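There are 2 protein chains.
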Amino acid sequence: MANFAIMGFGIVGSGVAEVLRMNGESIARKLGEPLNLKYILDVRDLSATPYAKQAVKDFSVLENDPELDVVVESIGGAKVALEFTRRALLAGKHVVTSNKELVATHGKELLAIAKEKNVNYLFEASVGGGIPVLRPLFQCLAGNQIQEIVGILNGTTNYILTRMVKGGVTFAEALKEAQSKGYAEANPAADVEGLDAGRKICILSDLAWGREVRPEDISIQGISHLDLKDVDIASKAGYRVKLLGRALRLEDGRQAAYVAPHLVPEDCPIAPVDDVFNAIMIRGNAVGDVMFYGRGAGDLPTASAVMGDVLDALAHRAKRRDLGWSESAPLIRQEQDLPLFWYLRSESAPEGGEKLAEGAYITGPLSVKDARELAEKVNAAALLPVLR
Amino acid sequence: MANFAIMGFGIVGSGVAEVLRMNGESIARKLGEPLNLKYILDVRDLSATPYAKQAVKDFSVLENDPELDVVVESIGGAKVALEFTRRALLAGKHVVTSNKELVATHGKELLAIAKEKNVNYLFEASVGGGIPVLRPLFQCLAGNQIQEIVGILNGTTNYILTRMVKGGVTFAEALKEAQSKGYAEANPAADVEGLDAGRKICILSDLAWGREVRPEDISIQGISHLDLKDVDIASKAGYRVKLLGRALRLEDGRQAAYVAPHLVPEDCPIAPVDDVFNAIMIRGNAVGDVMFYGRGAGDLPTASAVMGDVLDALAHRAKRRDLGWSESAPLIRQEQDLPLFWYLRSESAPEGGEKLAEGAYITGPLSVKDARELAEKVNAAALLPVLR
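Protein sequences, first through last, are from chains F and X. According to our numbering, the first sequence is numbered sequentially starting from 1. According to our numbering, the second sequence is numbered sequentially starting from 389.
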């Protein structure tokens with residue numbers, strides 16, 4: 001029998017318990033032994049739930065149980081979660097998480113502890129919810145040099161953009177709808193300002209190139225200032241507006257990563273991805289473009305990814321996977337010299353601009369700095385990158 | 389240093405050598421040691437190629453080299469490839485292949501030998517070319533009960549169908565174009581009659597449910613009899629015609645698998661997948677629908693998947709992955725009682741049919757047997773399943 005614990009019994013944590021309840025038999029068959037949920041660590045009172053027997057309030061119970069193999073961290077944030085993850089790894093437990101904030105900000109340190117203690121720190125659920133993407137990137141595409149990763153990484157903003165495009169409603173109205181459907185939180189800043197997507201593109205970049213990129217070092221632009229006018233012009237000209245996280249590696253070895261709303265051509269496979277769905281395209285120098293698509297959030301989809309990692313950690317109890325990124329990446333800021341194409345809305349045509357519609361142009365390649373200068377010169381009302 | 393060999397230096401085999409040449413440095417960094425191509429086994433004379441030093445003609449050189457860890461089988465077919473795979477596994481070598489015919493027809497036996505000898509037999513490249521799909525299915529989605537797999541599994545037929553839909557050309561004309569572009573072989577039967585897709589859906593089914601399904605036991609219908617009329621009617625009614633491999637598990641534990649051209653609703657994520665691209669959707673009871681998309685064939689994409697498996701086999705030299713399917717599946721034939729929806733082209737309306745266009749109807753759910761009886765009764769000119 002293999003024992004695991006869940007720390008934090010919120011949406012993801014209770015989803016993991018539910019997946020075990022639903023699929024315990026097939027999980028045991030694949031694992032070759034039963035999987036036992038031994039502890040649930042939560043400050044809440046679980047005595048009236050079916051999990052009264054597993055409930056504990058003291059982390060040291062988990063830390064000191066030599067029969068506990070794997071700990072699922074679904075606490076969230078980077079405070080208590082950081083402390084308990086550190087201590088669990090130091091106690092020789094494998095740790096599995098869906099906590100993108102913690103992985104993006106402390107992944108390097110936690111992977112170093114895991115390496116030292118010869119245990120696994122796995123986080124497939126931190127990007128794309130239930131969509132398998134980190135393991136395929138790291139393992140199946142290991143024969144490639146990864147050139148680019150670009151994706152719709154946040155379901156809340158994709159729902160809002162879908163409503164703006166298809167329903168013709170403003171950002172503020174679409175946000176209200178998303179909140180009433182439970183897709184957006186009361187304080188939606190981390191989603192709509194792009195920070196959530198920023199954390200995820202950093203994790204993808206870390207794994208693709210083995211060097212740390214920190215969310216605070218990349219340019220992150222959300223959708224809260226997006227004008228319905230530009231969404232309309234883009235739609236009529238054969239583009240969809242999508243909030244994309246994007247990471248590239250240039251031929252000279254420098255990297256770039258950023259988050260911004262983009263114009264995406266309709267024939268690009270990520271253009272038709274609507275509502276709360278996520279899609280991530282990865283370009284390798286052998287495989288070409290591959291895309292991964294599915295629900296990027298939700299209790300059971302996220303729990304599916306967590307459970308996959310729990311089973312993988314148990315299958316490799318004796319051998320740690322090396323997922324580490326040890327150095328910092330030689331990053332170029334988008335602001336400096338990454339050449340992109342740009343959508344400009346302006347009454348006077350920019351030099352070299354190709355007319356997209358009345359008062360709207362596409363121009364490039366230009367660095368962000370040059371594009372901003374150009375936008376100022378022609379007094380542009382909007383400036384958005386275009387995916388090519 | 390880790391040593392591997394390539395058996396069969398055709399399109400895939402030489403692609404694997406090329407990927408090592410392109411990416412040897414990053415591969416060594418990920419592996420933690422250099423990867424050395426020690427032998428190339430082929431009947432052809434390679435003395436004028438850059439691989440003269442590695443060329444061997446006698447399989448027993450590979451078999452008897454204790455320093456050889458992994459053998460790539462890219463011979464194709466199920467004769468020589470079967471013998472050499474058996475002998476390589478029995479000699480304690482890990483074997484990696486892209487050979488879908490061999491995996492679909494002899495996978496059970498070869499996995500049993502691999503298990504006995506504690507080595508890996510890996511075949512990610514056998515389905516979807518470079519698209520990561522088997523490992524995500526088996527590993528990342530291990531916490532799910534898989535309910536359905538449906539996909540565009542053959543690039544040649546998808547190219548032909550794309551030309552029929554978008555170019556309005558007949559099957560025969562589109563096939564000629566595909567042949568002139570090198571997408572279809574001179575003898576295109578295995579592709580256009582659906583056998584290639586049939587082998588792949590069997591492999592997916594084997595891995596999803598751990599029970600063997602053999603290509604000769606499932607219903608396989610290709611696209612050679614497809615009428616341009618039905619493609620047109622479907623397009624105008626919001627459907628795309630796609631050759632799909634499909635595998636399902638019913639609630640009573642019985643399984644079904646089949647290959648047939650389907651009407652696919654335009655808003656289904658696999659509908660816009662055109663040309664030689666493949667896309668595979670997997671439905672799990674926790675994750676919902678996830679989709680994997682990319683180039684399903686070609687030298688470098690396929691070699692990308694082979695190289696991913698080679699690196700995985702080397703990372704797990706000491707520990708075998710259990711991918712086995714040991715029993716036969718309790719299969720229901722599509723002909724018996726799998727209920728599907730159907731497109732019928734007929735001058736008289738079938739009972740309960742919903743009108744799609746003049747002289748075209750959708751009806752169901754009906755088993756194939758009942759649908760065929762109905763088609764005969766109304767003297768239908770076409771009968772195709774509809775994906776719902």
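The beta carbon of each residue, even a glycine, is placed where N, CA and C say it ideally should be. Predicted model, so just to flag it, every value in this text is computed and none were measured.
* Asked: Going along the chain, which residues of the stretch 113-138 of chain F sit with their C-beta nearer than 7 Å to a C-beta in chain X?
  -> GLU124, GLY130, ILE131, PRO132, ARG135, PRO136
* To do: Measuring only between beta-carbons, confirm whether F:MET1 sits less than 7 Å from chain X.
  => no
* Asked: Of all Cβ atoms in chain X, is any one closer than 7 Å to the Cβ of F:LYS30?
  -> yes
* Does the distance from the C-beta atom of F:HIS94 to that of F:VAL119 stay below 7 Å? -> yes
* For X:GLY672, which residues from the same chain have a beta carbon less than 6 Å from its beta carbon, with the 5 sequence-adjacent residues on both sides left out? -> LEU529, ASN532, ILE534
* Between the Cα of F:LEU68 and those of F:LYS57, F:LEU89, F:VAL165, spot the shortest distance and give me the residue it belongs to. => F:LEU89
* **Pairwise C-alpha distance: X:VAL484 and F:ASP185** => Sequence inspection shows Glu at residue 185 of chain F; the Asp mentioned does not correspond to that position. Using only the alpha carbons, I get a separation of about 47 Å.
* Are the stretch 608-621 of chain X and the stretch 725-733 of chain X in contact at 8 Å, needing three or more beta carbon pairs? -> yes
* To do: Output the boundary residues of the beta strand (DSSP E) element that contains F:PHE292.
  => 288-295
* **With 16 other Cβ atoms within 10 Å as the buried cut-off, status of X:ASP433** => exposed
* Report the residue ranges of all beta strand (DSSP E) runs contained in full by the stretch 248-279 of chain F; include only those spanning at least 3 residues, in chain order. => 255-265
* **Any non-hydrogen atom of the ligand GDP within 6 Å of F:SER219 CB** => Questions concerning the ligand GDP fall outside what the structure shown contains, since it holds no ligand whatsoever.
* From X:ILE611, X:GLU604, X:GLY570, residue whose alpha carbon lies closest to that of X:GLU581 -> X:ILE611
* Output, in sequence order along the chain, the residues in the stretch 221-244 of chain F whose CB is closer than 9 Å to any CB in chain X. => none
* Per-residue DSSP class, three states only, for F:SER74 -> coil
* Which partner residues of F:VAL392 appear in the DSSP bridge assignment? -> No answer is possible for residue 392 of chain F: it lies beyond the span of chain F, which begins at 1 and ends at 388.
* **Exposure label - X:PRO365; buried when at least 16 CB within 10 Å** => Here chain X comprises residues numbered 389 to 776, so residue 365 of chain X is not present and cannot be evaluated.
* Show which residues of chain X have a CB atom less than 9 Å away from the CB atom of F:ARG295. => VAL675, GLY676, ASP677, VAL678
* Cβ of X:LEU499 less than 7 Å from any chain C Cβ? -> Here chain C cannot be found, since the structure's protein chains are F and X.
* Could you say which of F:PHE123, F:ALA279, F:GLU216, F:GLY359 lies nearest to F:ALA305 if we only look at CA atoms? => F:PHE123
* Find the nearest neighbour of X:VAL766 within the set X:TYR749, X:VAL756, X:SER755, judged by alpha-carbon distance. => X:TYR749
* To do: State yes or no: is the beta carbon of F:MET307 nearer than 7 Å to at least one beta carbon in chain X?
  => yes
* **Same chain, Cβ closer than 6 Å to F:GLY8, neighbours up to 5 away in sequence not counted** => SER74, ILE75
* **F:SER126 beta carbon less than 7 Å from that of F:VAL150** => no
* Asked: Considering F:LYS176, what are the terminal residues of the alpha helix (DSSP H) in which it resides?
  -> 171-180
* To do: Please determine if the stretch 286-298 of chain F and the stretch 241-256 of chain F are in contact, where contact requires at least 3 C-beta pairs separated by less than 8 Å.
  => no
* Asked: What are the start and end residues of each continuous beta strand (DSSP E) run of 3 or more residues lying completely inside the stretch 448-523 of chain X, in chain order?
  -> 456-461, 482-485
* Could you tell me whether the Cβ of F:CYS268 comes closer than 7 Å to any Cβ of chain X? => no
* To do: Drop a sphere of 10 angstroms on the beta-carbon of X:ALA648, count the other beta-carbons inside from all chains shown, and report buried for 16 or more, exposed for fewer.
  => buried
* Asked: At a Cβ cut of 7 Å, what residues of the stretch 1-20 of chain F count as close to chain X, listed as they run along the chain?
  -> VAL19
* Asked: Since X:ASN411 meets chain F, which of its residues come closer than 8 Å, beta carbon to beta carbon?
  -> GLY143, ASN144, GLN145, ASN285, ALA286
* **Candidates F:PHE84, F:VAL80, F:LYS79, of which the one nearest F:LEU62 by Cα** => F:PHE84
* Contact set between X:ASP700 and chain F, taken where Cβ atoms lie within less than 9 Å -> GLN139, CYS140, ALA142
* Asked: Of all Cβ atoms in chain X, is any one closer than 7 Å to the Cβ of F:PRO301?
  -> yes
* May I have the straight-line CA-CA distance separating F:ALA81 from F:ARG87, to the nearest angstrom? => 10 Å
* Asked: Is it true that the stretch 409-426 of chain X meets the stretch 373-388 of chain F, where meeting means three or more beta-carbon pairs spaced less than 8 Å apart?
  -> no
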